[in-house]
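If you're matching positions, the sequence shown starts at 1 in full-length UniProt numbering and goes up one per residue. Working notes, beginning with the structure itself.
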Amino acid sequence: MGDWLGPEEWQAVALSLRVAFWATLVSLPLGVFTAYALARWTFPGRQLLNGLVHLPLILPPVVTGYLLLLTFGTRGPVGGPLADLGIVFAFRWTGAALAAGVMAFPLMVRAIRLSIEAVDPKLEQAGATLGASPLWVFLTVTLPMILPGIVAGAILAFAKAMGEFGATITFVSNIPGQTRTVPSAIYAFLQVPGGEGAAMRLVLVSVAVAMAALLLSEVIGRRVARRVGGG
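Written out as structure tokens, the structure reads:
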């Protein structure tokens with residue numbers, strides 16, 4: 001296996017795994033909170049929030065990347081103050097993780113939201129009538145039932161983050177060893193003579209990761225259905 005992928009290819013795979021891992025891990029708490037809010041709460045701006053969450057699925061990825069650059073660049077309204085604190089996203093692997101997390105966020109939220117909506121609200125209400133706080137009800141009643149959905153959402157987000165290209169290359173460019181993930185490496189290899197072999201090997205890696213993620217999410221999704229259905 002070590003001879004199958006060259007050093008540059010392994011570097012791209014390792015960076016993609018790092019980016020996808022942190023993109024998924026950091027966005028997961030916010031994803032659970034957002035999914036719960038959309039599934040259970042009624043508040044002004046709920047539809048607006050729902051639209052914003054799903055906007056990266058509709059916008060061209062390049063547009064999303066450009067908006068991230070305007071916002072989180074060293075001269076942006078968010079990126080500027082962060083840069084003064086030594087936190088820089090633009091043209092860094094952390095920026096690749098941010099872009100990947102933004103693009104994967106809608107898939108994560110949707111999977112978790114569906115699992116929450118499948119839970120009978122009466123179960124949560126029963127816990128509340130016994131004097132439990134909303135947080136305790138969530139931790140003891142809701143969370144155990146939606147855990148497979150959370151795992152499925154995280155897996156889908158990880159796979160999406162592994163394959164993110166448009167927003168990433170726009171926001172952090174394609175710097176070898178810094179921001180060159182698997183999709184960026186495939187693009188780079190296809191631009192040079194004789195790079196088709198390396199590109200194809202990385203394509204196979206991407207397909208394998210995507211298929212594994214889809215199969216895992218399908219298996220976990222069925223577990224959610226059986227658990228909620230009492231089967």
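The beta-carbon is built from N, C-alpha and C at its ideal position, and this holds for glycine as well.
A83 and Y66 have their C-alpha atoms some 18 Å from each other. Take the alpha-carbon of F189 and the one of T64: they are about 24 Å apart. With a 10 Å radius around the Cβ and a threshold of 16 neighbouring Cβ atoms, I58 comes out exposed.
The alpha-carbon separation between F171 and S133 amounts to approximately 42 Å. Secondary structure in the segment 26-79: the alpha helix (DSSP H) runs of 4 residues or longer, each lying completely within the stretch, are 46-58 and 61-72 in chain order.
Annotation: the continuous alpha helix (DSSP H) that includes E124 extends over P121 to T129.
When L123, V151, K160 and F158 are compared, the shortest CA-CA separation from T142 is found for L123. Distance between W4 and F21, taken at the CA atoms: about 24 Å. Cβ-Cβ distances below 8 Å link P77 to T71 in the same chain, with the five nearest sequence neighbours on each side left out; the list follows chain order. Under the rule that a run must span 4 or more residues, the alpha helix (DSSP H) segments found entirely inside the segment 79-120 read 79-84 and 93-117. Here S206 carries a helix assignment [DSSP, helix/strand/coil]. If the five residues before and after A199 are omitted, its C-beta is found closer than 6 Å to the C-beta atoms of I186, F189 and L190, all from its own chain and listed in chain order. DSSP places A132 in no alpha helix (DSSP H); its state is neither H nor E. The segment 147-162 makes contact with the segment 97-113: 3 or more CB pairs, one atom from each, lie closer than 8 Å. About 19 Å separates the CB atoms of A99 and I155; that is not less than 8 Å, and the two are not in contact. With a contact defined as Cβ atoms closer than 8 Å, A39 and I150 miss out at about 13 Å.
Listed in chain order, the non-local C-beta contacts of F91 below 7 Å within the same chain comprise V172, S173, I175 and T179, local neighbours out to five positions each way being set aside. Around the C-beta of I169, 16 or more other C-beta atoms lie within 10 Å, and the residue is accordingly described as buried. Nearest Cα to E9 within the set L28, A97 and S206: S206.
Within its own chain, the residues whose Cβ lies closer than 6 Å to the Cβ of A167, once the five positions on either side in sequence are excluded, are P61, T64, G65, A99 and M103, listed in chain order. In this structure, W93 and V19 form a Cβ contact; the two beta carbons are roughly 6 Å apart against a cut-off of 8 Å. Within a 10 Å sphere around the beta-carbon of V219 sit fewer than 16 other beta-carbons, which makes this residue exposed.
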